[in-house]
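Below you'll find the structure, written out as structure tokens, and then a few comments.
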């Protein structure tokens with residue numbers, strides 16, 4: 005089964021106490037299932053705003069752009 009990656013982000017740390025993480029995780033799982041894929045990894049920027057690009061500066065230690073550049077992830081077949 006093909007693999008995919010999910011990206012979960014919300015702007016404010018307070019949102020972790022709410023429903024954002026669950027809703028986004030469920031939506032990603034549903035999308036993957038609907039497209040015959042399985043989520044291999046979930047990248048999360050929890051409480052990191054993207055308004056001024058802080059999500060690019062304070063991204064997880066192995067950000068998606070870094071992983072792609074290092075060839076860690078493969079492109080989907082065309």
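Residue numbers (this note's numbering): 5 to 82. Ideal placement from N, C-alpha and C gives every residue a C-beta, glycine not left out.
In this structure residue 49 is buried. Its beta-carbon is surrounded by 16 or more other beta-carbon atoms within 10 angstroms.
Secondary structure within the segment 6-53: the alpha helix (DSSP H) runs of 4 or more consecutive residues, fully enclosed, are 24-38 (chain order).
When the Cα atoms are used, residue 33 and residue 15 turn out to be separated by approximately 21 Å. CA-CA distance, residue 24 to residue 44, rounds to 20 Å.
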